[in-house]
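Undergrad: Sharing a structure, written as structure tokens. Questions coming.
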Amino acid sequence: MSDFRKIFDHVDRNDPGESIRKISHDLERIKEDKGIQASYNDLLRLEVALGIRKPSVAVYDNALHFIGGAQKYGCTIAQSLQEICDVTLISHKKVTLSQLQDWYGLDLNKCRTKVIKIPFFEAQKKEKSTFDAGEVELKGENPFHVVSMESGEYDIFINNCMLEMVYPLSNISEFICHFPERERSRFFHADKYSHIICNSRYTGEWVSRKWDLKPHEILYPPVDMIDPSEDVNKEKIILSVSRFELSGKKQQLEMIRIFERMLHRYPEKTEGWKIIIAGGSVDGNPYLERVRKASQLLPEGKIDLRVDISLDELKELYRKASIFWHLAGLEQRDPERAEHFGMTTVEAMQNRCVPVVFRGGGQKEIIEDRVSGLFFDTREGMINRTLELMDSLSLREKIEKGAYKRGKEFTKKSFLRKAQKHFEEILMGYCSVR
Amino acid sequence: MKKTPEKFEQALKELKKEIHEERKNSRKMEDLIKTELEREPGIWEYDFDELESEIWKKHAGIEKKIKELSEKISECSGKGPRNIFRFFKNLRGNIIRQNVINQEIISFYLAMMLSLQKIKDRLNSLEYKASQINREKDELISDIEEYKVRLRKKKDEKSGE
Numbered sequence: 001m002s003d004f005r006k007i008f009d010h011v012d013r014n015d016p017g018e019s020i021r022k023i024s025h026d027l028e029r030i031k032e033d034k035g036i037q038a039s040y041n042d043l044l045r046l047e048v049a050l051g052i053r054k055p056s057v058a059v060y061d062n063a064l065h066f067i068g069g070a071q072k073y074g075c076t077i078a079q080s081l082q083e084i085c086d087v088t089l090i091s092h093k094k095v096t097l098s099q100l101q102d103w104y105g106l107d108l109n110k111c112r113t114k115v116i117k118i119p120f121f122e123a124q125k126k127e128k129s130t131f132d133a134g135e136v137e138l139k140g141e142n143p144f145h146v147v148s149m150e151s152g153e154y155d156i157f158i159n160n161c162m163l164e165m166v167y168p169l170s171n172i173s174e175f176i177c178h179f180p181e182r183e184r185s186r187f188f189h190a191d192k193y194s195h196i197i198c199n200s201r202y203t204g205e206w207v208s209r210k211w212d213l214k215p216h217e218i219l220y221p222p223v224d225m226i227d228p229s230e231d232v233n234k235e236k237i238i239l240s241v242s243r244f245e246l247s248g249k250k251q252q253l254e255m256i257r258i259f260e261r262m263l264h265r266y267p268e269k270t271e272g273w274k275i276i277i278a279g280g281s282v283d284g285n286p287y288l289e290r291v292r293k294a295s296q297l298l299p300e301g302k303i304d305l306r307v308d309i310s311l312d313e314l315k316e317l318y319r320k321a322s323i324f325w326h327l328a329g330l331e332q333r334d335p336e337r338a339e340h341f342g343m344t345t346v347e348a349m350q351n352r353c354v355p356v357v358f359r360g361g362g363q364k365e366i367i368e369d370r371v372s373g374l375f376f377d378t379r380e381g382m383i384n385r386t387l388e389l390m391d392s393l394s395l396r397e398k399i400e401k402g403a404y405k406r407g408k409e410f411t412k413k414s415f416l417r418k419a420q421k422h423f424e425e426i427l428m429g430y431c432s433v434r
Numbered sequence: 435m436k437k438t439p440e441k442f443e444q445a446l447k448e449l450k451k452e453i454h455e456e457r458k459n460s461r462k463m464e465d466l467i468k469t470e471l472e473r474e475p476g477i478w479e480y481d482f483d484e485l486e487s488e489i490w491k492k493h494a495g496i497e498k499k500i501k502e503l504s505e506k507i508s509e510c511s512g513k514g515p516r517n518i519f520r521f522f523k524n525l526r527g528n529i530i531r532q533n534v535i536n537q538e539i540i541s542f543y544l545a546m547m548l549s550l551q552k553i554k555d556r557l558n559s560l561e562y563k564a565s566q567i568n569r570e571k572d573e574l575i576s577d578i579e580e581y582k583v584r585l586r587k588k589k590d591e592k593s594g595e
């Protein structure tokens with residue numbers, strides 16, 4: 001018989017004194033055998049199993065105050081759980097619920113927010129909006145102990161920022177991995193979580209290769225950019241939507257060079273076409289400056305750089321563009337530099353843009369070649385696939401339809417369905433007495 | 435309405451407060467957790483039932499052989515004990531032979547796994563080095579490309595003049 005079952009059997013509401021004495025005695029024994037956290041966890045579970053309170057959930061993301069796909073992922077899980085659980089969103093810096101609601105169009109009114117500062121990073125002189133866990137010294141104490149302690153206050157702890165250095169103390173712990181960035185180190189605790197959830201099979205494969213851990217669930221990110229209007233006038237626009245990363249991993253610079261080469265080599269075929277490169281950026285981004293400089297070398301009206309645009313402007317671009325380019329991973333050996341899933345590719349597909357993307361990373365799980373998009377492996381391949389589309393309106397229209405149909409498989413609705421099923425199964429086992 | 439301390443919920447709350455306080459004062463992870471929770475198997479860990487059915491599917495012939503063997507046994511048992519003994523003697527000889535082969539194969543596979551592991555480690559370190567070189571190469575290509583474009587633009591401007 002499990003420890004929890006024994007404790008549960010001691011419950012007798014008619015004789016609270018004796019009942020509590022027995023429970024207390026058992027908890028003392030559990031504390032001696034398994035540590036104080038185990039006895040506290042059994043008490044937390046007892047409260048839930050007796051219906052005294054709802055299960056409590058913490059969604060931890062140290063970069064929650066930043067707009068990002070991973071953060072949207074965590075917040076959508078929070079939204080899906082808020083009706084049946086008490087959900088707290090924990091971050092490194094202050095962020096309000098209304099900000100999160102505005103950024104992601106989610107209803108989080110039943111959630112709470114909490115800030116947990118990490119003394120190690122607070123002590124650093126330079127003011128940074130996010131911290132890099134790679135800077136942590138692997139000697140001495142784990143700076144994330146404070147987060148671990150907090151995790152033990154909840155029934156379910158969800159680590160949404162891939163911070164493998166946080167040791168989970170809760171009864172149930174979920175590690176959401178968008179890509180395993182670092183190698184195993186002294187403070188590696190991803191293997192202590194009850195479940196590992198990955199955003200794509202590609203990420204799952206790398207969790208397996210890099211950390212020798214097997215994921216439990218593949219949960220593709222929610223993408224909600226569907227344009228339901230059938231009557232769309234597509235223009236001769238190639239669109240790219242990606243963040244201007246400091247490392248240049250989204251390769252906007254290469255896109256400009258490739259487009260410039262196309263204009264030069266095939267002036268007739270590319271007649272009337274232009275490229276629009278949109279994306280967010282941090283202030284003073286040197287990579288963005290290089291992109292700007294390179295864009296000035298293209299003939300006037302052939303390129304449009306759109307930095308930090310609003311959601312409505314972005315929707316308008318998707319609506320007008322015919323072709324969508326995504327190069328991340330091209331000519332790269334580092335698996336981290338490939339697209340781990342490809343949310344913007346799906347956004348484009350949901351707006352009937354034909355994706356022409358590098359055959360690598362998570363993109364392979366989204367697109368069916370020549371049905372819902374086109375793959376390329378080299379620069380030349382990319383040029384040829386694009387010219388093919390520029391040449392043939394019928395091919396474009398055929399793939400547009402396929403892309404739209406496929407894009408609808410990655411909506412928030414399907415994300416919520418799968419996430420809810422996962423958590424309901426967990427909670428069912430947690431609330432019952434075994 | 436305020437609950438009386440006699441109520442079970444209230445008593446439980448007090449007990450929780452007590453343990454919570456004790457937990458808060460435990461600074462070391464070893465005091466908090468003495469035995470770790472076991473992880474559930476991941477989706478890519480072997481499901482042995484599935485694996486077994488896959489093996490049977492791949493070696494469907496074995497099932498046929500087993501059937502033949504059982505038929506042979508019943509045939510021999512019909513001809514008296516001597517035939518059965520002879521049959522089992524042969525079978526035993528075959529099994530011993532098969533066992534020797536299996537052991538050789540196992541050690542062969544183990545050696546192969548070890549060398550594969552070594553190759554994998556070597557490849558990983560090479561991959562890391564290659565990614566570093568690749569990054570440097572990318573930067574170089576990027577500079578060359580930029581230079582080319584400038585050159586082409588200048589050329590176009592000149593020819594325009």
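One line per chain: the protein sequences are A and B, in this order.
Residues 1 to 434 in this note's numbering are what the first sequence spells out, letter by letter.
Residues 435 to 595 in this note's numbering are what the second sequence spells out, letter by letter.
C-beta atoms are modelled at their ideal positions from N, C-alpha and C, and glycine is treated no differently.
Only a predicted model underlies this, so the values are computations on that prediction, with no experimental measurement involved.
With 16 other CB atoms within 10 Å as the buried threshold, where does A:E122 fall?
TA: With fewer than 16 other Cβ atoms within 10 Å, it is exposed.
Undergrad: Let me know if A:E174 comes out buried or exposed under the rule of 16 or more other beta-carbons within 10 Å of its beta-carbon.
TA: The residue is buried, with at least 16 neighbouring Cβ atoms inside 10 Å.
Undergrad: On a Cα-Cα basis, can you pick out the residue from A:V354, A:N384 and A:R379 that is closest to A:V371?
TA: Answer by Cα proximity: A:V354.
Undergrad: Output yes if chain A places a C-beta closer than 8 Å to the C-beta of B:L548; else output no.
TA: Not an interface residue.
Undergrad: Mark A:V59 as exposed unless 16 or more other C-beta atoms lie within 10 angstroms of its C-beta, in which case mark it buried.
TA: Its Cβ being crowded by 16 or more others within 10 Å, A:V59 is buried.
Undergrad: So what does DSSP say about A:H145, is it helix, strand or coil?
TA: Here A:H145 sits in helix by DSSP.
Undergrad: Can you tell me the Cβ-Cβ gap for A:V166 and A:F144, rounded? I've got them flagged as a contact below 8 Å.
TA: Sure, about 5 Å apart at Cβ, within 8 Å.
Undergrad: Could you check whether the stretch 189-206 of chain A touches the stretch 155-170 of chain A, counting it as contact only if at least three pairs of C-beta atoms, one from each stretch, sit closer than 8 Å?
TA: Short answer: they touch.
Undergrad: Along chain B, in chain order, which residues have C-beta atoms closer than 9 Å to that of A:L246?
TA: Near A:L246 there are no residues of chain B at all, since even the closest Cβ is about 13 Å away, more than 9 Å.
Undergrad: Find out if the Cβ-Cβ distance for the pair A:L43, B:K462 is shorter than 8 Å.
TA: No, the pair does not count as a contact, with Cβ atoms beyond the cut-off.
Undergrad: Show which residues of chain B have a CB atom less than 8 Å away from the CB atom of A:L43.
TA: Per Cβ cutoff of 8 Å: L446, L449, K450 and I453.
Undergrad: In angstroms with no decimal places, state the Cα-to-Cα distance between A:L46 and A:M225.
TA: If you take the alpha carbons of A:L46 and A:M225, they lie about 42 Å apart.
Undergrad: Here's the rule: buried if 16 or more other CB atoms are within 10 angstroms of the residue's CB, otherwise exposed. What is B:I530?
TA: With fewer than 16 other Cβ atoms within 10 Å, it is exposed.
Undergrad: If I'm right that A:K418 touches B:K468 with Cβ under 8 Å, what's the distance once you round it to whole angstroms?
TA: Not a contact, Cβ separation roughly 35 Å.
Undergrad: If we require 4 or more residues per run, which alpha helix (DSSP H) segments fall completely within the stretch 346-402 of chain A?
TA: For the stretch 346-402 of chain A, whole alpha helix (DSSP H) runs of length 4 or above, ordered along the chain, are 363-366 and 379-391.
Undergrad: Measuring CA to CA, which of A:D312, A:I90, A:L317 and A:Y104 is closest to A:R112?
TA: The option with the nearest alpha carbon to A:R112 is A:I90.
Undergrad: With H, G and I counted as helix, E and B as strand and the rest as coil, what does DSSP make of A:V433?
TA: Coil, per DSSP.
Undergrad: Give the DSSP bridge partners of A:G279, in chain order.
TA: Paired residues: A:V307.
Undergrad: Less than 8 Å between the CB atoms is what I'm expecting for A:V459 and A:E347, so what's the real figure, rounded?
TA: With chain A running from 1 to 434 in the structure shown, residue 459 of chain A is simply not present.
Undergrad: Whose CA, out of A:P228, A:I276, A:G272 and A:V282, lies closest to the CA of A:G68?
TA: The residue with the shortest Cα to Cα distance from A:G68 is A:V282.
Undergrad: Around the Cβ of A:V232, are there at least 16 other Cβ atoms within 10 angstroms (buried) or fewer (exposed)?
TA: Exposed: under 16 other Cβ atoms inside 10 Å.
Undergrad: Going by Cα to Cα distance, which pick from A:T96, A:Q79 and A:Q99 is closest to A:L108?
TA: Here the closest residue by C-alpha is A:Q79.
Undergrad: Can you find a C-beta in chain A that's less than 8 Å from the C-beta of B:S593?
TA: For B:S593, the answer is no, since every Cβ of chain A falls outside 8 Å of its Cβ.
Undergrad: Just to make sure I have the definition right: I need the residues of chain B whose C-beta is within less than 8 Å of the C-beta of A:R385. Which are they?
TA: Within 8 Å Cβ-Cβ: nothing; A:R385 doesn't reach chain B, min ~20 Å.
Undergrad: Can you give me the start and stop residues for the beta strand (DSSP E) that A:D174 sits inside?
TA: For the record, residue 174 of chain A in the displayed sequence is Glu; it is not Asp. Segment I172 to C177, the beta strand (DSSP E) holding A:E174.
Undergrad: Check for me: the beta strand (DSSP E) holding A:H195 runs from which residue to which?
TA: Element bounds for A:H195: H195 to C198.
Undergrad: Is A:R333 close to chain B, meaning its C-beta is less than 8 Å from at least one C-beta of that chain?
TA: A:R333 counts as touching chain B.
Undergrad: Are the beta-carbon atoms belonging to A:Y287 and A:E245 less than 8 Å from one another?
TA: Going by C-beta atoms, A:Y287 is nearer than 8 Å to A:E245.
Undergrad: So A:P55 and A:C75 are in contact, right, with Cβ under 8 Å, and what is the actual spacing, rounded?
TA: Not really, about 19 Å apart at Cβ, beyond 8 Å.
Undergrad: Cβ closer than 9 Å: which chain A residues qualify as neighbours of B:R584?
TA: In chain order: L297.
Undergrad: Quick test of your reading: A:R333 and B:A564, contact by CB under 8 Å. State the CB separation rounded to the nearest angstrom.
TA: At roughly 5 Å, the Cβ-Cβ gap stays under 8 Å, so A:R333 and B:A564 are in contact.
Undergrad: Could you name the residues of the stretch 261-272 of chain A whose beta carbon sits closer than 8 Å to any beta carbon of chain B, in the order they occur along the chain?
TA: Answer set for the stretch 261-272 of chain A: H264.
Undergrad: To the nearest angstrom, how far is it from the Cα of B:K437 to the Cα of B:E443?
TA: Because B:K437 sits at a pLDDT of 46, beneath the cut-off of 50, its placement in the model cannot be relied upon, and the point is left open.
Undergrad: Determine whether the Cβ of B:I467 lies closer than 8 Å to any Cβ atom of chain A.
TA: Interface residue, yes.
Undergrad: Taking DSSP as the reference, what is the three-state secondary structure of A:L213?
TA: Reduced to three states, the DSSP call for A:L213 is coil.
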